[in-house]
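First comes the structure, then the notes that go with it.
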Amino acid sequence: MSKTGFSIHKARKGLIKCRVEYDPSRKIILKVDITGDFFLYPEDSLSVLMDRLKGVSIDRNEIAKVIRDVFNEYKVSHPGIEIDDFVKVIYESTLGEVDA
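Residue numbers (our numbering): 105 to 204.
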């Protein structure tokens, strides 16, 4: 049975909202939706990031690796938002669980 969690994180220059659907028994991410008042360039890098997080272990290091890989591959500019901000909001979304 999947669970859905939600978290909000205030970064230096923006608010990041995240909803994560995940499998607590297998400890993997099934789906991620990230929104908020921040900017990433190129703009499609956020869609790529959300897609690449599917199937990733619920582990801070694994999540950070995927984010770093996408940001490096797409040469993402993320003014006022750090990779750790994304890691924090995604990981914390898996802690406050609600039935999906």
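Each residue gets a CB set at the ideal place from its N, CA and C atoms; glycine is no exception.
Open item on the list: Counting beta carbon pairs with one atom in the segment 140 to 152 and one in the segment 160 to 169, are three or more of them shorter than 8 Å?
Closed with: Three or more beta-carbon pairs separated by less than 8 Å are not found between the segment 160 to 169 and the segment 140 to 152, which leaves the two stretches without contact.
- [ ] Give the secondary structure of E280 by DSSP, where H, G and I count as helix, E and B as strand, and everything else as coil.
- [x] Residue coverage of the chain in this structure runs from 105 to 204, which leaves residue 280 outside it and unanswerable.
Task: Residue nearest to L157 in terms of C-alpha spacing, selected from A115, G118, H113 and F190 - done: With distances taken between Cα atoms, L157 lies closest to F190.
- [ ] Take H182 and list the residues in its own chain whose beta-carbon comes closer than 6 Å to its own, dropping the five residues that flank it on each side.
- [x] L144
Open item on the list: Among K114, R172 and D155, whose alpha-carbon lies nearest the alpha-carbon of G140?
Closed with: For G140, the closest C-alpha among the options K114, R172 and D155 is that of K114.
- [ ] Taking the CB atoms as reference points, tell me whether Y178 and P128 lie closer together than 8 Å.
- [x] no
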